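Down below is the structure, laid out as structure tokens.
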Amino acid sequence: MTDSPAASSDLAFHFDERLREAPDDPARFALAVRALERRLTAEHEDRARLRLLGRLGAHLRTLGALGEAEARLLEAVALADRLADGRAALTNRIRLAHVYQWQRRFAEADALFRKVIAACVGRPDHGAILAFAYQHWGKSLFDQGRYAAAADRFARALALREAAGDEELIASSRVALGTARARLG
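Remember, the numbering used here sits 250 above the position in the sequence shown when you count from 1.
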């Protein structure tokens, strides 16, 4: 559920000026994604498939393979719902909304972000998911040129992340918030 760089150096990425993930080494990133796809094909256990589908959806988006990313994430959401895994369903809906954002399907993205946030508000056990949703909704709003609204969502994500003490995610939210505020400047 993180929006931080992957542990594997093959899946390493950075955030560009649009706050979008960009592979550090696109060729190695693509090879690592294809290896994950082979693992998914060989995997028959539902929980492991669910984890792989979510990761693949996010990494395919980073590669710009948005149709493939959407398909994997729709499959992940359906599987999470079938398994009654609420956390995985919410996380993969955020990832799917992020794909819709990159496809410029902003109304669909915003609707999914609202749905996830509504499911998380008032649930202390969902604080990390809520922060993840606010952060990525902020990125969608940023893409729409709605910088004040984006800054608001980034600030909400930052507050939740500061309360949780995850320094890497705090740094990510601070950068996003500063970038949105600079656009307002």
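Quick reminder that beta carbons are idealized off the backbone N, C-alpha and C, glycines included. All figures in this text were calculated on a predicted structure; none of them were measured in a lab.
Handout entry: H264 - partner residues in DSSP beta bridges
Key = A272
Exercise for the section: Leaving out five residues on either side along the sequence, give the residues of the same chain with a beta carbon under 6 Å from the beta carbon of L290. Expected result: Closer than 6 Å at the Cβ level, and outside the excluded window around L290, lie L302.
Exercise for the section: Would you mind working out which of I344, F404 and R337 sits nearest T429, comparing C-alpha positions? Expected result: The shortest Cα separation from T429 among I344, F404 and R337 belongs to F404.
Exercise for the section: Taking 8 Å as the cut-off, decide whether the C-beta atoms of E320 and L346 are in contact. Expected result: yes
Exercise for the section: Closer than 8 Å by C-beta to F279: which residues in its own chain qualify, once you throw out the five before and the five after it? Chain order, please. Expected result: D260, L261, A262, F263, P273, H309, T312 and L313
Problem - Distance CB(V366)-CB(L316) smaller than 8 Å - result: no
Problem - Alpha carbon of A338 to alpha carbon of G395, nearest angstrom - result: The straight-line gap from Cα to Cα measures roughly 30 Å.
Practice task
Please say whether A407 and A381 have beta carbons closer to each other than 8 Å?
Solution key: By the CB criterion at 8 Å, A381 and A407 fall inside the cutoff.
Exercise for the section: Helix, strand or coil for A334, going by three-state DSSP, please let me know. Expected result: coil
Exercise for the section: Helix, strand or coil for E293, going by three-state DSSP, please let me know. Expected result: coil
Exercise for the section: Using a threshold of 8 Å, state whether the C-beta atoms of A399 and L391 are closer than that. Expected result: yes
Handout entry: Distance, I379 Cα to T341 Cα
Key = 7 Å
Problem - As assigned by DSSP and simplified to three states, the class of R322 - result: helix
Practice task
Helix, strand or coil for A315, going by three-state DSSP, please let me know.
Solution key: coil
Practice task
If I'm right that G307 touches L323 with Cβ under 8 Å, what's the distance once you round it to whole angstroms?
Solution key: 4 Å
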